[in-house]
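The structure appears right after this line, and notes come after that.
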Amino acid sequence: MTRRKGYWPFLVPGALLCTLVVAVPLLMTVGTSFTEWSGVGTPRWTGLANYDRLLHDDRFWLSFKNIAFMIVAMAVVPTLLGLFLAALLFDYVAPRLGGRTARALRSGFYLPQVLPLAVTGIVWGWILHPNYGVLNSILIKLHLQKLAHNWLGDEHYALYTVMAVMVWVQIGYPVVMFMAGLQRVDPELYEAASLDGAGWWQRFTRIALFQIRPEIGVVLITTTIAALKVFAQIFVLTGGGPGNATLVPSYFAWQQYFQTVNVGYASAISTVLAVLIVALTFAFIRVQSR
25 MTRRKGYWPF LVPGALLCTL VVAVPLLMTV GTSFTEWSGV GTPRWTGLAN YDRLLHDDRF
85 WLSFKNIAFM IVAMAVVPTL LGLFLAALLF DYVAPRLGGR TARALRSGFY LPQVLPLAVT
145 GIVWGWILHP NYGVLNSILI KLHLQKLAHN WLGDEHYALY TVMAVMVWVQ IGYPVVMFMA
205 GLQRVDPELY EAASLDGAGW WQRFTRIALF QIRPEIGVVL ITTTIAALKV FAQIFVLTGG
265 GPGNATLVPS YFAWQQYFQT VNVGYASAIS TVLAVLIVAL TFAFIRVQSR
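In this text, residue positions in the sequence shown follow the working numbering: the first is 25, and each later residue adds one.
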């Protein structure tokens with residue numbers, strides 16, 4: 025009991041920092057969401073007016089529709105591809121080409137996670153530019169002019185193009201997590217399954233997937249939260265456009281705060297987004313604990 029009490033002083037700095045950086049701003053945002061305020065002067069209390077406005081705002085609902093696509097691009101697809109690539113590197117590349125090659129490829133997949141978000145957005149903006157972008161130039165040289173498009177400026181392609189970029193950005197994280205999980209699977213389980221006639225697919229689905237369920241849960245939680253909060257790439261690549269084709273809640277809140285100077289409404293959007301993130305996190309944790 026005495027030893028347990030000894031840990032509390034070490035938690036105090038982190039708790040104070042979390043209170044100052046997270047809890048206090050969150051409470052202030054929630055309080056501001058019940059007011060009409062331009063950021064200057066005294067806020068005027070309006071009660072639930074901002075939330076009532078949200079319910080009837082088509083742009084708000086469109087932003088949440090788009091965030092569902094972002095969750096697919098940043099959580100679902102990277103998790104599935106990450107499982108495949110991790111299994112490929114762990115079961116095929118490492119035994120045949122060596123662990124160093126597998127680690128080098130893993131590092132290559134993880135590289136987009138290390139790069140600043142704004143940098144990745146700028147680079148992809150150059151690649152996808154309709155006039156001098158690399159992608160359209162390659163398509164034209166291959167005599168595939170019909171496939172060249174204004175990838176980020178056409179509302180029919182912009183959202184799917186951003187989704188493809190986000191898959192590229194996110195893919196390295198699940199690969200690293202799943203390879204770490206596969207390394208802790210007992211090799212004797214694979215050997216016993218092989219003696220019973222199990223093939224690679226059966227060993228992977230019946231043994232490996234079961235063993236790395238904690239890693240899968242962590243990846244899904246963290247990537248879903250990242251998708252709900254996505255901002256930098258949208259800001260750099262499309263600015264929520266063309267029109268509102270790539271508008272997401274975080275960028276919508278930024279527009280209301282800095283462009284229309286409607287701090288109360290922006291705070292309401294942020295509050296709803298924060299509540300959604302917390303609810304999904306608790307749901308994921310509850311499912312995983314079962």
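Built from N, CA and C at the ideal position, the CB exists for glycine as well.
Assign residue i to buried or exposed, taking buried as 16 or more other Cβ atoms, counted over all protein chains shown, within 10 Å of its Cβ.
i, result
"alanine 290", "buried"
"arginine 130", "buried"
"asparagine 155", "exposed"
"methionine 52", "exposed"
"leucine 261", "buried"
"leucine 79", "exposed"
"tyrosine 275", "buried"
"glycine 221", "exposed"
"isoleucine 236", "buried"
"methionine 25", "Any reading at methionine 25 is ruled out, since the residue's pLDDT is 48, under 50, leaving its predicted position unreliable."
"valine 101", "buried"
"arginine 124", "exposed"
"isoleucine 258", "buried"
"proline 238", "exposed"
"valine 136", "Sequence inspection shows proline at residue 136; the valine mentioned does not correspond to that position. Buried, since its Cβ has 16 or more Cβ neighbours within 10 Å."
"tryptophan 225", "exposed"
"arginine 310", "exposed"
"tryptophan 32", "exposed"
"serine 87", "buried"
"leucine 183", "buried"
Would you mind reading off the limits of the alpha helix (DSSP H) that contains residue i?
i, result
"serine 274", "273-278"
"glycine 205", "196-207"
"phenylalanine 308", "287-313"
"proline 140", "Premise fails: proline 140 is in no alpha helix (DSSP H) and is neither H nor E."
"arginine 120", "118-121"
"isoleucine 41", "Looking at the sequence shown, residue 41 is not isoleucine but leucine. Here the alpha helix (DSSP H) through leucine 41 covers 32-42."
"arginine 227", "224-227"
"tyrosine 214", "211-219"
"asparagine 155", "Asparagine 155 -> no alpha helix (DSSP H), and no H or E assigned at all."
"glutamine 257", "256-261"
"arginine 237", "237-252"
"glycine 106", "101-112"
"leucine 79", "73-79"
"leucine 86", "82-95"
In the DSSP output, which residue or residues are listed as bridge partners for residue i?
i, result
"arginine 68", "Glu60"
I think residue i touches residue j, with their Cβ atoms under 8 Å apart; what is that distance to the nearest whole Å?
i, j, result
"methionine 94", "valine 272", "6 Å"
"threonine 279", "glycine 265", "According to the sequence displayed, residue 279 carries glutamine and not threonine. The Cβ separation is near 11 Å, so there is no contact."
"glutamine 312", "glycine 267", "The pair is not a contact, with the Cβ atoms about 38 Å apart (cut-off 8 Å)."
"alanine 269", "glutamate 179", "4 Å"
"valine 287", "threonine 56", "6 Å"
"proline 198", "glycine 106", "3 Å"
"leucine 141", "alanine 256", "4 Å"
"phenylalanine 58", "threonine 70", "7 Å"
"valine 158", "isoleucine 151", "5 Å"
"valine 117", "alanine 126", "5 Å"
"valine 96", "tryptophan 148", "Valine 96 to tryptophan 148, Cβ: 18 Å. No contact."
Could you tell me whether any Cβ in chain D is nearer than 8 Å to the Cβ of residue i?
i, result
"lysine 89", "In the structure shown, chain D does not exist; there is a single protein chain."
Verify the contact flag: residue i, CB atom, against every heavy atom of the ligand ADP, threshold strictly below 7 Å.
i, result
"glutamine 312", "Here there are no bound small molecules, and the ligand ADP is not part of this structure."
Assess, as a yes-or-no matter, whether the segment 105-117 is touched by the segment 197-207 under the definition of 3 or more beta carbon pairs within less than 8 Å.
-> Short answer: they touch.
Is there contact here, the segment 183-194 with the segment 240-257, by at least three beta-carbon pairs under 8 Å?
-> Segments in contact, yes.
Stretch-stretch touch, CB-based, cutoff 8 Å, three pairs: the segment 72-82 with the segment 158-177 = No contact exists between the segment 72-82 and the segment 158-177.
Three or more beta-carbon pairs under 8 Å between the segment 291-303 and the segment 52-70, yes or no?
-> Yes, since at least three Cβ pairs between the segment 291-303 and the segment 52-70 fall closer than 8 Å, the two stretches touch.
Does the count of Cβ pairs from the segment 224-232 and the segment 204-214 closer than 8 Å reach three?
-> Taking a cut-off of 8 Å on C-beta distances, the segment 224-232 touches the segment 204-214, as three or more cross pairs fall below it.
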